[in-house]
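Visitor: In my numbering, the protein residues as written are 61 to 452.
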Amino acid sequence: MTRSSARGPLAGIRVVELASFIAGPYAGQLLADLGAEVIKVEAPDGGDPFRSFAGGSYSPHFIAYNRSKRSVALDIREDVGREAIRRLVTQADVLLENYRPGVMDRLGFGYDTAREWNDQLVYCSVSGFGQQGPDAQRPVYDTVGQALAGLLGQTISADQPQIVGPAMADGIAGLTAAYAVLAGLHARDRLGVGQYVDVSMFGAVAAFLSSEASMWHHTGDPGGPRRRPSLSQSYAFGCADGRVMTIHLSSPTKFWRGLIAAVGRDDLADDPRFATRDARIEHFEELHELLAPEFALRSSAEWQRRLSAHDVPHARVNTIGEVFEEPQARHLGLELRLRHPSQGEVVTVAPPARFSATPCVGLLAPPELGQDTDDVLAELGMPERGALREGA
Numbered sequence: 061m062t063r064s065s066a067r068g069p070l071a072g073i074r075v076v077e078l079a080s081f082i083a084g085p086y087a088g089q090l091l092a093d094l095g096a097e098v099i100k101v102e103a104p105d106g107g108d109p110f111r112s113f114a115g116g117s118y119s120p121h122f123i124a125y126n127r128s129k130r131s132v133a134l135d136i137r138e139d140v141g142r143e144a145i146r147r148l149v150t151q152a153d154v155l156l157e158n159y160r161p162g163v164m165d166r167l168g169f170g171y172d173t174a175r176e177w178n179d180q181l182v183y184c185s186v187s188g189f190g191q192q193g194p195d196a197q198r199p200v201y202d203t204v205g206q207a208l209a210g211l212l213g214q215t216i217s218a219d220q221p222q223i224v225g226p227a228m229a230d231g232i233a234g235l236t237a238a239y240a241v242l243a244g245l246h247a248r249d250r251l252g253v254g255q256y257v258d259v260s261m262f263g264a265v266a267a268f269l270s271s272e273a274s275m276w277h278h279t280g281d282p283g284g285p286r287r288r289p290s291l292s293q294s295y296a297f298g299c300a301d302g303r304v305m306t307i308h309l310s311s312p313t314k315f316w317r318g319l320i321a322a323v324g325r326d327d328l329a330d331d332p333r334f335a336t337r338d339a340r341i342e343h344f345e346e347l348h349e350l351l352a353p354e355f356a357l358r359s360s361a362e363w364q365r366r367l368s369a370h371d372v373p374h375a376r377v378n379t380i381g382e383v384f385e386e387p388q389a390r391h392l393g394l395e396l397r398l399r400h401p402s403q404g405e406v407v408t409v410a411p412p413a414r415f416s417a418t419p420c421v422g423l424l425a426p427p428e429l430g431q432d433t434d435d436v437l438a439e440l441g442m443p444e445r446g447a448l449r450e451g452a
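#1: What is the C-beta distance between residue 132 and residue 99, in whole angstroms, given that I count them as a contact (C-beta under 8 Å)?
#2: What's the call for residue 388, buried or exposed, on a 16-neighbour Cβ count within 10 Å?
#3: Distance, Cα to Cα, residue 168 vs residue 82?
#4: Taking the continuous beta strand (DSSP E) assigned at residue 345, which residues delimit it?
#5: So what does residue 400 bridge to, in DSSP terms?
#6: On the CB-based measure, 16 or more other CB atoms within 10 Å of its CB, does residue 73 come out buried or exposed?
#7: Please go through the same chain and pick out, in chain order, the residues whose beta-carbon is closer than 8 Å to the beta-carbon of residue 265, but skip the five residues on each side of it.
#8: By Cβ distance below 7 Å, which residues in the same chain neighbour residue 355 in space, the five residues on each side in sequence not counted?
#9: When the Cα of residue 341 is compared with those of 310, 325 and 367, which residue comes out closest?
#10: Pick out whichever of 424, 396, 334 and 406 has its Cα sitting closest to the Cα of residue 412.
#11: Output the residue ranges of the beta strand (DSSP E) runs that lie fully inside the stretch 255–283 and measure 3 residues or longer, sorted by chain position.
#12: DSSP three-state label for residue 297, please.
#13: Rounded to whole angstroms, what's the CA-CA distance from residue 256 to residue 184? Just pull it up for me.
#14: Note down the Cα distance separating residue 196 from residue 392, rounded to an integer number of angstroms.
#15: Rounded to whole angstroms, what is the Cα-Cα separation between residue 200 and residue 188?
#16: If we count Cβ pairs, one from each stretch, closer than 8 Å, do we get three or more for the stretch 365–384 versus the stretch 84–97?
#17: Roughly how many angstroms separate the alpha carbons of residue 432 and residue 425, rounded to a whole number?
#18: What is the DSSP secondary structure of residue 154, counted as helix, strand or coil?
#19: Let me confirm a value: residue 65 is counted as buried when at least 16 other C-beta atoms fall within 10 Å, else exposed. Which label applies?
#20: Please determine, among 329, 303 and 323, the residue with the shortest C-alpha to C-alpha distance to residue 313.
#21: To the nearest angstrom, report how far apart residue 453 and residue 154 are at their CA atoms.
#22: So the candidates are 157, 295 and 327; which of them puts its Cα closest to the Cα of residue 84?
#23: Take every Cβ of the stretch 94–110, pair it with every Cβ of the stretch 128–147, and state whether three or more of those distances are shorter than 8 Å.
#24: Since I believe residue 124 is in contact with residue 5 (beta carbons under 8 Å), could you give me their beta-carbon distance rounded to a whole number of angstroms?
#25: Since residue 308 and residue 290 are thought to touch, with beta carbons under 8 Å apart, how far apart are those beta carbons, to the nearest angstrom?
#26: Just to confirm the assignment: which complete beta strand (DSSP E) runs, minimum length 3, are found wholly within the stretch 167–230?
#27: Using only the alpha-carbon positions, how far apart do residue 179 and residue 294 sit?
#28: Where does the unbroken beta strand (DSSP E) through residue 376 begin, and where does it stop?
#29: Can you look up residue 306 in the DSSP assignment and give me helix, strand or coil?
#30: Which one of 365, 429, 441 and 439 has the shortest CA to CA distance from residue 135?
#31: Using the beta-carbon count (16 or more within 10 Å), is residue 450 buried or exposed?
#32: Please tell me whether residue 403 and residue 118 are closer than 8 Å, where the distance is taken between their beta carbons.
#33: If you compare alpha carbons, which of 194, 398, 349 and 181 is closest to residue 251?
#34: Ordered along the chain, which non-local residues of its own chain (more than five positions away) have a Cβ less than 6 Å from that of residue 237?
#35: What separation, rounded to the nearest whole angstrom, lies between the Cα atoms of residue 63 and residue 126?
#36: In angstroms, rounded to a whole number, what distance separates the CA positions of residue 448 and residue 141?
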């Protein structure tokens, strides 16, 4: 029995992961959650840099993206490591990597070589800008991807520019890579041959902004931090208890009427500035300024009661800790607690998809560096690490 999940929709699929930080490992974890056996190949001298991102060698950042994987510590610049990779690729269904373009070729593991070893292989490269083009060799991390692909242009105020929020570009790229790998596996089953899959963070984030791109192409509207909220009629208000309440009215008139009823301002229905959705979009800032003092008079709990009574789409802004205290989060089992033999209890976010016939069970805590090296080498018919170091 390996350290991979014994069940799940991808049971029987083997993935070799040569990736670090977020985008590639997140894609690998998504596949592992679905039951694939994911073998993460790491350098012996520290492994994935995310291991020590917050100190130590088992940081929360590493935990977040490496659940249910097997860790193999190999120096892939040496003959033994290269031979182990060759054998792994020969037996794999998927190779997932996020090196800078050209590195895998220089290491001797490029797609053309890997295809000679295994023509059934789905080989997925995740990079900042794709494998070719004028920006292919640019160094890129999440913020760069968000900026160039237009995401930051929709969230940053030019008056007080600040980077805020989570690693959206990395996450979008990882999710895109996982879905592309699934498509590649399906095509292989249909056509009988593997293929190369090229995923760029730049392209993934741009595609994620499809609504904003469509608005630009068809109306010339460049969007911005307040453009989508005005169109979707989304608001955030401070409450008397210091909490923030959000409201998203979208286009149904009933939600607008529910809001003004909850606030006790039915008179706004006849105000020409707000009488129609188009008028409310045009006077979005005025409406926000008018309602903000009303919300400041009551606590967030009182507003939750009032808004719920009128079926208005709303939510209090939760901290991360509060997310897992929500009754619905408990019902869904979003907080996943796993045991590691030496690291103790590990808490992560559970996979969001549920399968009736092939449930995602047997999830495991992220591995320590090289935790599975000897087992995997034995499966490949190679000596364990101790013998390798002695020149066997």
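Quick reminder that beta carbons are idealized off the backbone N, C-alpha and C, glycines included.
Fair warning: this is a prediction, and the values are worked out from it, not measured in the lab.
Guide: Taking the geometry as given:
#1: The residue you call residue 132 lines up with position 72 of the sequence shown. The residue you call residue 99 lines up with position 39 of the sequence shown. Their Cβ separation, rounded to whole angstroms, is 6 Å, which keeps residue 132 and residue 99 in contact under 8 Å.
#2: Against the sequence shown, residue 388 aligns to sequence position 328. Result: exposed.
#3: Taking the first residue of the sequence shown as 1, we reach residue 168 at position 108. Taking the first residue of the sequence shown as 1, we reach residue 82 at position 22. If I take the Cα positions, the gap works out to 24 Å.
#4: Position 285 of the sequence shown, counted from the first residue, corresponds to residue 345. Where residue 345 is concerned, there is no enclosing beta strand (DSSP E), although the alpha helix (DSSP H) it sits in stretches over 344–355.
#5: The count along the sequence shown starts at 1 and reaches residue 400 at position 340. Residue pairing of residue 400 in beta bridges, as defined by DSSP: 404.
#6: Numbered from its first residue, the sequence shown carries residue 73 at position 13. Buried.
#7: Against the sequence shown, residue 265 aligns to sequence position 205. Only 205, 206, 209, 210, 211, 228, 229, 232 and 233 meet the Cβ criterion.
#8: What you label residue 355 is simply residue 295 of the sequence shown in a count that begins at 1. Same-chain partners within the cutoff: 297, 298, 299, 305 and 363.
#9: The residue given as residue 341 occupies position 281 in the sequence shown. Measuring from the Cα of residue 341, the nearest candidate turns out to be 310.
#10: The sequence position of residue 412 within the sequence shown is 352, counting from 1. That would be 396, whose Cα lies nearest to the Cα of residue 412.
#11: List check, beta strand (DSSP E) in window: 255–260.
#12: Within the sequence shown, numbered from 1, the residue matching residue 297 stands at position 237. Correct three-state label for residue 297: strand.
#13: Residue numbering aside, residue 256 sits at position 196 when the sequence shown is read from its first letter. Residue numbering aside, residue 184 sits at position 124 when the sequence shown is read from its first letter. Straight-line measurement puts the Cα of residue 184 at about 6 Å from the Cα of residue 256.
#14: For this step, residue 196 is matched to residue 136 along the sequence shown. For this step, residue 392 is matched to residue 332 along the sequence shown. Approximately 41 Å, taken between the alpha carbons.
#15: Numbered from 1 along the sequence shown, position 140 holds the residue referred to as residue 200. Numbered from 1 along the sequence shown, position 128 holds the residue referred to as residue 188. Taking the straight line joining both Cα atoms gives about 6 Å.
#16: As far as the Cβ criterion goes, the stretch 365–384 does not touch the stretch 84–97, which means the pair count is below three.
#17: One-based indexing of the sequence shown puts residue 432 at position 372. One-based indexing of the sequence shown puts residue 425 at position 365. In this structure, the straight-line span from the alpha carbon of residue 432 to that of residue 425 is close to 13 Å.
#18: As a first step, residue 154 must be located in the sequence shown, where it is residue number 94. In the structure shown, residue 154 sits in a strand (DSSP, three-state: E or B).
#19: By one-based count along the sequence shown, residue 65 stands at place 5. Legend: pLDDT at residue 65 = 40, less than 50; position of this residue unreliable, value from coordinates given subsequently. When all chains shown are included, residue 65 counts as buried.
#20: Locating residue 313 in the sequence shown gives position 253, counting from the first residue. It is 329.
#21: The structure shown does not extend to residue 453, since the chain is modelled only from 61 to 452, so the question has no answer here.
#22: Here residue 84 refers to the residue found at position 24 when the sequence shown is read from its first residue. For residue 84, the closest of 157, 295 and 327 by C-alpha to C-alpha distance is 157.
#23: Yes: the two stretches touch, three or more of their Cβ pairs being nearer than 8 Å.
#24: Nothing in the structure corresponds to residue 5, since the chain is present only between 61 and 452.
#25: For this step, residue 308 is matched to residue 248 along the sequence shown. For this step, residue 290 is matched to residue 230 along the sequence shown. Rounded to whole angstroms, the Cβ separation of residue 308 and residue 290 is 12 Å, and the two are not in contact under 8 Å.
#26: You should have 182–187.
#27: One-based indexing of the sequence shown puts residue 179 at position 119. One-based indexing of the sequence shown puts residue 294 at position 234. For residue 179 and residue 294, the distance between alpha carbons rounds to 50 Å.
#28: Taking the sequence shown and counting its residues from 1, one reaches residue 376 at position 316. Run containing residue 376: 374–376, per the beta strand (DSSP E) assignment.
#29: Working through the sequence shown from its first residue, we reach residue 306 at position 246. Reduced to three states, the DSSP call for residue 306 is strand.
#30: Position 75 of the sequence shown, counted from the start, is the residue given in the question as residue 135. It is 429.
#31: Sequence index remark: in the sequence shown, residue 450 carries index 390 (1-based). At residue 450 the pLDDT is 44, less than 50, meaning the model places this residue with poor confidence and gives no usable figure here.
#32: Here residue 403 corresponds to residue number 343 of the sequence shown, with the count starting at 1. Here residue 118 corresponds to residue number 58 of the sequence shown, with the count starting at 1. Yes, these two residues count as a Cβ contact at 8 Å.
#33: As a working mapping, residue 251 is identified with position 191 in the sequence shown. Among 194, 398, 349 and 181, the Cα nearest to that of residue 251 belongs to 181.
#34: Position 177 of the sequence shown, counted from the first residue, corresponds to residue 237. Only residues of its own chain outside the window of five on either side were considered, and among them 87, 184, 186 and 259 have a CB closer than 6 Å to the CB of residue 237, listed in chain order.
#35: Counting from 1 along the sequence shown, the entry for residue 63 is found at position 3. Counting from 1 along the sequence shown, the entry for residue 126 is found at position 66. Here residue 63 scores only 45 on pLDDT, less than 50, and its place in the model is too uncertain to base an answer on.
#36: Working through the sequence shown from its first residue, we reach residue 448 at position 388. Working through the sequence shown from its first residue, we reach residue 141 at position 81. Reliability fails at residue 448, whose pLDDT of 48 lies under 50, so the model's placement of it is uncertain and the value that follows must be treated cautiously. Rounded to the nearest whole angstrom, the CA to CA distance from residue 448 to residue 141 is 10 Å.
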